[in-house]
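4 protein chains.
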Amino acid sequence: MFSKFLSLEPEKQERILNAALKEFAQKGYKNASTNEIVKEANISKGLLFHYFNNKKELFLFLYDYSLDIFMNEFFGKIDMNVKDILKRWPQIALVKIEVIRKYPEIFNFIVAANTENASEIKNDLELRNKEIITSSYAKVLEDIDISKFREGIDIKRAINIIIWTAEGLANQEKAKAKLSSLGQINYEKVLAEFDIYIELLRNCFYK
Amino acid sequence: MFSKFLSLEPEKQERILNAALKEFAQKGYKNASTNEIVKEANISKGLLFHYFNNKKELFLFLYDYSLDIFMNEFFGKIDMNVKDILKRWPQIALVKIEVIRKYPEIFNFIVAANTENASEIKNDLELRNKEIITSSYAKVLEDIDISKFREGIDIKRAINIIIWTAEGLANQEKAKAKLSSLGQINYEKVLAEFDIYIELLRNCFYK
Amino acid sequence: MFSKFLSLEPEKQERILNAALKEFAQKGYKNASTNEIVKEANISKGLLFHYFNNKKELFLFLYDYSLDIFMNEFFGKIDMNVKDILKRWPQIALVKIEVIRKYPEIFNFIVAANTENASEIKNDLELRNKEIITSSYAKVLEDIDISKFREGIDIKRAINIIIWTAEGLANQEKAKAKLSSLGQINYEKVLAEFDIYIELLRNCFYK
Amino acid sequence: MFSKFLSLEPEKQERILNAALKEFAQKGYKNASTNEIVKEANISKGLLFHYFNNKKELFLFLYDYSLDIFMNEFFGKIDMNVKDILKRWPQIALVKIEVIRKYPEIFNFIVAANTENASEIKNDLELRNKEIITSSYAKVLEDIDISKFREGIDIKRAINIIIWTAEGLANQEKAKAKLSSLGQINYEKVLAEFDIYIELLRNCFYK
DNA sequence: AATGAATGAGGCTTCATTCAT
DNA sequence: AATGAATGAAGCCTCATTCAT
Chain A
2 MFSKFLSLEP EKQERILNAA LKEFAQKGYK NASTNEIVKE ANISKGLLFH
52 YFNNKKELFL FLYDYSLDIF MNEFFGKIDM NVKDILKRWP QIALVKIEVI
102 RKYPEIFNFI VAANTENASE IKNDLELRNK EIITSSYAKV LEDIDISKFR
152 EGIDIKRAIN IIIWTAEGLA NQEKAKAKLS SLGQINYEKV LAEFDIYIEL
202 LRNCFYK
Chain B
2 MFSKFLSLEP EKQERILNAA LKEFAQKGYK NASTNEIVKE ANISKGLLFH
52 YFNNKKELFL FLYDYSLDIF MNEFFGKIDM NVKDILKRWP QIALVKIEVI
102 RKYPEIFNFI VAANTENASE IKNDLELRNK EIITSSYAKV LEDIDISKFR
152 EGIDIKRAIN IIIWTAEGLA NQEKAKAKLS SLGQINYEKV LAEFDIYIEL
202 LRNCFYK
Chain C
2 MFSKFLSLEP EKQERILNAA LKEFAQKGYK NASTNEIVKE ANISKGLLFH
52 YFNNKKELFL FLYDYSLDIF MNEFFGKIDM NVKDILKRWP QIALVKIEVI
102 RKYPEIFNFI VAANTENASE IKNDLELRNK EIITSSYAKV LEDIDISKFR
152 EGIDIKRAIN IIIWTAEGLA NQEKAKAKLS SLGQINYEKV LAEFDIYIEL
202 LRNCFYK
Chain D
2 MFSKFLSLEP EKQERILNAA LKEFAQKGYK NASTNEIVKE ANISKGLLFH
52 YFNNKKELFL FLYDYSLDIF MNEFFGKIDM NVKDILKRWP QIALVKIEVI
102 RKYPEIFNFI VAANTENASE IKNDLELRNK EIITSSYAKV LEDIDISKFR
152 EGIDIKRAIN IIIWTAEGLA NQEKAKAKLS SLGQINYEKV LAEFDIYIEL
202 LRNCFYK
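Chains as they are written, first to last, in our numbering: chain A, 2 to 208; chain B, 2 to 208; chain C, 2 to 208; chain D, 2 to 208.
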């Protein structure tokens, strides 16, 4: 399908990927201009369509590519031997942070793609996400040791609370960072904060 | 600024607002067509620009207008005498549901506006949201009775967990509804589920 | 449908029609350029699409318009009181010549449209032609006096021979004109030639 | 001129010719895509232009090639010893049918090429046709026995009527076939009909 | 105030042709 | 001879915005 593009010299591939990633992340699908992409990538108009046929296929290629890199990196780094969810969870947060630090543009693109309204791609994105999200959640929660939960606790819902707390904290910190002058997240502080919440939840749910 | 528009006969004002609300909610900022808006509102092309100068100002006027209506209705209905956060919170959820049911188009528009990437409006939206969100959170959490919390509990963070759990549950149900055949949220079921989580959290945090 | 265009000042309408007629007649549907049309008509790009939505609708409007003018003029001038086919036929040929002389561009366009391969419009043209051609033939042959035919003559086929002879002659003369230096048909000569054929056929088929 | 192409292995030559023939016949000159041709022929883009320089020369080479094959086959099969035009003519029709059945793609291409409006090739086609048509007509009518014609008959014009009748009938049947569900010509029926017309004309023109 | 014709820049996409390998 | 990546002009069409009436 995209063999023409994939057999390109890596340097050029990257130039095109980065240009497209950046343009889509900044402006969204509809507003992104293929003109800008080719200008930034320093290739001709025709060449982009030689590789990707049309704007939509370029976008979806980029999405699959980004998700692939992100997920591989992510799951490659998680230690599934940690069975205690309150220990695995901080680990996952750490790994996620590392991956974002390693591929910031890719992460930006994925986030932007999912805060997107363009009807042309909505279905295709949802199709891809449905599968990925459910399978990722399952994987991340796989093989959790539930023996540590206090008796009488509704374990399924307790786990949900743990997850939502983690997400909530992450979003809060992101929002704070946006408001601050630097726009940068202080990861060390976040992790420390994270530990406090974990302790709080441990007292609630564990024996 | 928009005095010309505001001194219009109310019926015509509404026609224009509804047409624009609907178009933006359905298609997003960039994809929305001023042509469709004037056709739906049954006014001339020139008139729209006579009132609002350009598309962006129309959109932002609509956003301010929507937020205003929504917030007024929302805060008008909340009973601030309920000081127990685990009781106020379900109340807030109920009120939110009522307001959404009363102004579905306005709510759709606000949601759509915030899942929007168009670079032309991103900054302006964020500017508006920054202020609103922080002040709303403060208001909703005002005057909470913390005497019920067990001793030794980190109250500020416990409240955060409560909030994030509520948000997490809401998002989960929205996602479920999207995947289901109807696409409709069963509010009664959600509220029942909500109660279970509240009980779980009460056992954790309260005396 | 095309009310916007039709309520234009006639001078501008004509400018646009002529420009489009000429471009399509010269280059065929696919090869014709809307860019050239607007340049020739001295209007902006957007305006053409404001009137006609897209290239195909412009073309089909032109076709219906051309056929309408041509047919009205044509049938308006034929004297249906002439019942003898060998007299009506030269009359028809004469009328056709007159109409072509009056609207040469329109005739050129109709001919060009029908020597056209573009798949985008083939169906629409055939749809229009099927109806027009059968009804025209019927009208032109309506009420013919067959009492003059010799007994034993297969009248239906004899009439076909008469028609095909007329068409054959007309095509031959057109081809000759194309080869000559002027490219112009000498109508007087053609009519004289026509009379000779009519006499020949009268001797064959009539009492 | 095309020596490079002609010194190719015949199998490859044929692959290219058939691919191009098919594409042009189906889509017309302008609409035909050199991309599709090279894909179908399984050669590289560059090679096509190495052999034919450009699209136009490819098309005209194909036209000359097709006409050459068609005419050779056609004239090779006609029995010029049949001197009676009313007998030679059905023979010619039969031969034409045989050749079309033998080389359907070539015939399709020739027909399509001549119902083509593309300005780039119009002149070149007309140039080629002018010569071919006049010389073919002369050849086909060569050495006709005119002694059978009744005295007083204008023989040259009578022959024209015979020719036009044959053409008229052929076109009528083609049009009928197009409208029918199958789109196929029933050759046996056409030939029977042909015989009726020949008898009619024999009674008119022959002693 | 109100209209809607008119603009023209910019959008995506196609395609014959070239050229380095 | 043979490849196919690369070009860029030209194609059709959209759309916010302006302006004469």
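For every residue, glycine included, the Cβ atom is placed at its ideal position computed from N, Cα and C.
Between residue 86 (chain D) and chain C, is the shortest Cβ-Cβ distance under 8 Å, so that the two count as touching? Using beta-carbon distances, residue 86 (chain D) does not count as an interface residue toward chain C, since no partner is under 8 Å.
State yes or no: is the C-beta of residue 60 (chain A) within less than 8 Å of the C-beta of residue 3 (chain A)? Contact flag unset, no.
What's the call for residue 73 (chain D), buried or exposed, on a 16-neighbour Cβ count within 10 Å? Its Cβ having fewer than 16 others within 10 Å, residue 73 (chain D) is exposed.
Taking 8 Å as the CB-CB limit, is residue 120 (chain D) close to chain C? Judged by the 8 Å Cβ criterion, residue 120 (chain D) is in contact with chain C.
Verify the CB distance criterion: does residue 32 (chain C) have a CB-CB separation below 8 Å to chain D? Yes, residue 32 (chain C) lies at the interface with chain D (some Cβ there is under 8 Å from its Cβ).
Check residue 3 (chain D) in the structure and name its three-state DSSP category. DSSP places residue 3 (chain D) in coil when its eight states are reduced to three.
For residue 17 (chain A), which residues of its own chain have a beta-carbon under 7 Å away from its beta-carbon, when the five flanking residues on both sides are left out? Only 42 and 44 meet the Cβ criterion.
Since residue 167 (chain A) is in the alpha helix (DSSP H), which residue starts that stretch and which ends it? From DSSP, the alpha helix (DSSP H) with residue 167 (chain A) extends over 156 to 180.
Strictly by DSSP, which residues pair up with residue 150 (chain C)? Paired residues: C:207.
Nearest candidate by alpha-carbon position, reference residue 120 (chain B), set B:23, B:180 and B:30: Closest option to residue 120 (chain B), Cα to Cα, is B:30.
So is residue 147 (chain A) buried or exposed if we call it buried at 16+ other beta carbons inside 10 Å? Its Cβ having fewer than 16 others within 10 Å, residue 147 (chain A) is exposed.
Measuring straight from C-alpha to C-alpha, what distance separates residue 174 (chain B) and residue 28 (chain A)? Straight-line spacing of the CA atoms in residue 174 (chain B) and residue 28 (chain A) works out to 29 Å.
Sequence-distant residues of its chain with Cβ nearer than 7 Å to residue 125 (chain B) (five each side left out): Contacts found: 61.
Between the C-alpha atoms of residue 23 (chain D) and residue 35 (chain D), what's the straight-line distance to the nearest angstrom? Cα to Cα, the separation comes out at about 12 Å.
Just mark residue 21 (chain A) as buried or exposed, buried being the case when its beta carbon has 16 or more other beta carbons within 10 Å. Taking a 10 Å sphere around the C-beta of residue 21 (chain A), we find 16 or more other C-beta atoms and assign the residue as buried.
Please name the residue in D:84, D:171 and D:55 whose C-alpha comes closest to that of residue 95 (chain D). Distance from the Cα of residue 95 (chain D) is smallest, within the candidate group D:84, D:171 and D:55, for D:171.
Cβ of residue 158 (chain A) less than 8 Å from any chain B Cβ? Residue 158 (chain A) counts as touching chain B.
Does the beta-carbon of residue 64 (chain D) have 16 or more other beta-carbons within 10 angstroms, so that it is buried, or is it exposed? Buried: at least 16 other Cβ atoms inside 10 Å.
Any idea if residue 127 (chain C) is buried or exposed, counting beta-carbon neighbours within 10 angstroms, 16 or more meaning buried? Classification for residue 127 (chain C): exposed.
Kindly list, in the order they appear in chain A, the residues whose Cβ is closer than 9 Å to that of residue 29 (chain B). Simply 29, 31, 117, 118, 119 and 120.
I want to verify the contact list: residues of chain C whose CB lies under 8 Å from the CB of residue 113 (chain D), in sequence order. Chain C residues near residue 113 (chain D): 118.
Below 6 Å CB to CB, which residues in the same chain sit around residue 87 (chain D) once its five sequence neighbours on both sides are set aside? Hits under 6 Å: 199 and 203.
The region 152 to 169 of chain C / the region 155 to 169 of chain D touching (three or more Cβ pairs under 8 Å): Taking 8 Å as the limit for Cβ pairs, the verdict is that the region 155 to 169 of chain D does touch the region 152 to 169 of chain C.
Only counting the same chain, and skipping five residues up and downstream in sequence, which positions put a Cβ closer than 8 Å to that of residue 195 (chain C)? Cβ neighbours of residue 195 (chain C) beyond the five flanking positions: 91, 94, 167 and 170.
What did DSSP end up calling residue 190 (chain D) once you bin it into helix, strand or coil? Helix.
Beta-carbon of residue 161 (chain A) versus every beta-carbon of chain B: anything under 8 Å? The beta carbon of residue 161 (chain A) sits closer than 8 Å to some beta carbon of chain B.
Does the beta carbon of residue 197 (chain D) come closer than 8 Å to any beta carbon on chain C? The beta carbon of residue 197 (chain D) falls within 8 Å of a beta carbon belonging to chain C, placing the residue at that interface.
Hey, residue 133 (chain D) and residue 68 (chain D): beta-carbon distance below 8 Å or not? Contact check for residue 133 (chain D) against residue 68 (chain D) passes: the beta carbons are separated by less than 8 Å.
Closer than 8 Å, CB to CB, is residue 201 (chain B) near chain A or not? Closer than 8 Å: yes.
Is the beta carbon of residue 158 (chain C) sitting closer than 8 Å to the one on residue 208 (chain C)? It is not a contact, given that the beta carbons lie outside the stated cut-off.
Is any beta-carbon of chain D found at less than 8 Å from that of residue 165 (chain C)? Judged by the 8 Å Cβ criterion, residue 165 (chain C) is in contact with chain D.
Is the Cβ of residue 168 (chain B) closer than 8 Å to any Cβ of chain A? A Cβ of chain A is located within less than 8 Å of the beta carbon of residue 168 (chain B).
Quick check on residue 89 (chain D): buried or exposed, where buried means 16 or more other Cβ atoms within 10 Å of its Cβ? Buried, by the Cβ-count rule.
Give a yes or no on whether the minimum CB-CB distance between residue 142 (chain C) and chain D is below 8 Å. Taking 8 Å as the CB threshold, residue 142 (chain C) stays off the interface with chain D.
Taking the continuous alpha helix (DSSP H) assigned at residue 116 (chain A), which residues delimit it? Note, residue 116 (chain A): premise wrong, no alpha helix (DSSP H); not H, not E.
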